[in-house]
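Data block below; observations after.
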């Protein structure tokens, strides 16, 4: 048996390095983390109830921190950071501490928690970042879940490609998130998933949500019934991955956040789910047999640099790199744009999208999970042409987009350029190749380590290949002892 590298060695000239630097920045701009910071005089890390509460917060946000001293709390939240902060403040400290924390830029929202709130307290009239109060911990968690989901909507991963760059560019000048998104979609739809894929995903979910009994119940149902809805009639059961995706639970946020932040482990372990959703979108579209164009709408926020890029690139391409939920009802979409206005770090956008009926999308009715209005769902990496944009009422910008089709000539040129960048390879190797070429060695390492957990027992050729790739990555990172260990393991497997 012989295992070959799939990585192509690259020219490390200054121009190439500048391109790599641009790309690394492009990846990082979507890695917005959420941090719940809790101030309460009764919190003790050694206390079991406090530990359980913290564990529950960890199912909602990326990071959690607890303080019982107001000065330490303020010192922490006022440090420069790129995270969005969601503050939980005990009613004991609320009145005295609000003037000191309300104008901190990175603070998204504040919640007052406790049983001793004044009956006439109207915190949010004076302090607009106060989004809610709660006397019960479960109610507090629900408020935090709702707000973080609203924020996720504002951080949908998008990529803008100028019209000039589509036809005259080197791959170094392409938006890296656009490249990642396209390659991810092609890989996910191409990979053959075995029965172990679902098992590994369920295991990951149980570890993540071990302190959330409601989500654990959903995970149990997912393991038992997926791809079928759990309560459908036995004689009339159709598989519906979209039902699971639109269900009011962790799946929607977890999937789209993984795509937005390029969380390799989650993307690989959710690959079967992403593929199934995409295929059902295609199936629903074929069943509808629409003949007339339609308009759909989406309201969200957009951070300043992304909005400026959008404004300056009329005629260019805009890719939504996660799954894209839109509404046929303009007012419904506008309500989401209004929600975005509560975040001073974003511009409120109302997208108006013109859709050719031959494009791939799914119109979802009331039978799909919890939605009451007709939703139109697009797969990941759906690409639109940027048309017109103008400010409308209340500081909202309306942006007109037109869905591109598979025969769009500029999109074909761009796709071919991306495929040339990564050369040969199959499955997840293609993404590993791209990440190494872009200097994203840690993410490439994540790919191959995750693939170890999914490899079938006795697949010695695959195990040798994974060790070989990790050896190469460690060599590139300068960890020669680790590289040698992986190469030795490769040789041992080959000699069996």
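Residue numbers (the numbering used here): -10 to 485.
By construction, the Cβ of each residue, glycine as well, lies at the ideal position given by its N, Cα and C atoms.
Just so we're clear, the structure is a prediction, and the values are computed from it rather than from any experiment.
Span of the beta strand (DSSP E), counted from its first residue to its last, around residue i
| i | result |
| --- | --- |
| residue 374 | 371 to 380 |
| residue 73 | 73 to 79 |
| residue 335 | 335 to 344 |
| residue 306 | 306 to 309 |
| residue 56 | 52 to 56 |
| residue 180 | Segment: none, residue 180 is in no beta strand (DSSP E) and carries neither H nor E. |
Residues sharing a beta bridge with residue i, DSSP
| i | result |
| --- | --- |
| residue 121 | 100 |
| residue 365 | 315 and 352 |
| residue 24 | 52 and 74 |
| residue 277 | Beta-bridge pairing links residue 277 to no other residue. |
| residue 150 | 306 |
| residue 392 | 373 |
Residue interval of the alpha helix (DSSP H) (run including residue i)
| i | result |
| --- | --- |
| residue 236 | Note, residue 236: premise wrong, no alpha helix (DSSP H); not H, not E. |
| residue 85 | 83 to 90 |
| residue 475 | 469 to 483 |
| residue 32 | Note, residue 32: premise wrong, no alpha helix (DSSP H); not H, not E. |
| residue 59 | 59 to 66 |
| residue 214 | 202 to 214 |
| residue 105 | Looking at the DSSP string, residue 105 is not in any alpha helix (DSSP H), and its letter there is neither H nor E. |
Reduced DSSP secondary structure (H/G/I, E/B, other) of residue i
| i | result |
| --- | --- |
| residue 284 | strand |
| residue 43 | helix |
| residue 193 | helix |
| residue 290 | strand |
| residue 449 | helix |
| residue 387 | strand |
| residue 251 | coil |
| residue 427 | coil |
| residue 228 | coil |
| residue 347 | coil |
| residue 460 | helix |
| residue 38 | helix |
| residue 418 | helix |
Close beta carbons around residue i, own chain, < 8 Å, minus the five adjacent residues each side
| i | result |
| --- | --- |
| residue 242 | 137, 138 and 141 |
| residue 323 | 286, 288, 339 and 385 |
| residue 404 | 171 |
Length of the line joining the Cα atoms of residue i and residue j
| i | j | result |
| --- | --- | --- |
| residue 247 | residue 253 | 7 Å |
| residue 67 | residue 93 | 7 Å |
| residue 112 | residue 172 | 48 Å |
| residue 51 | residue 281 | 43 Å |
| residue 481 | residue 444 | 17 Å |
| residue 483 | residue 458 | 14 Å |
| residue 473 | residue 460 | 7 Å |
| residue 369 | residue 174 | 7 Å |
| residue 183 | residue 56 | 45 Å |
| residue 3 | residue 409 | Because the pLDDT of residue 3 is 31, which lies under 50, any placement of that residue in the model is unreliable, and the number read from its coordinates should be weighed accordingly. Rounded to whole angstroms, residue 3 to residue 409 spans 21 Å at the Cα level. |
| residue 462 | residue 22 | 27 Å |
| residue 61 | residue 305 | 48 Å |
| residue 447 | residue 185 | 14 Å |
| residue 268 | residue 274 | 10 Å |
| residue 72 | residue 261 | 30 Å |
| residue 300 | residue 400 | 20 Å |
| residue 363 | residue 265 | 21 Å |
Other residues of its chain near residue i: CB distance less than 7 Å, five sequence neighbours each side excluded
| i | result |
| --- | --- |
| residue 79 | 28, 29, 30, 102 and 103 |
| residue 18 | Reliability of the predicted coordinates at residue 18 is poor, the pLDDT of 42 falling under 50, and the value obtained from them is presented with this limitation in mind. Excluding positions up to five away in sequence, the list is empty. |
| residue 433 | 421, 424, 425 and 462 |
Beta-carbon contacts of residue i that lie in its chain and below 6 Å, excluding the five residues immediately before and after
| i | result |
| --- | --- |
| residue 238 | 207 |
| residue 371 | 309 and 313 |
8 Å Cβ cutoff, residue i in contact with chain C
| i | result |
| --- | --- |
| residue 443 | Annotation note: the requested chain C is absent from the structure, which comprises a single protein chain. |
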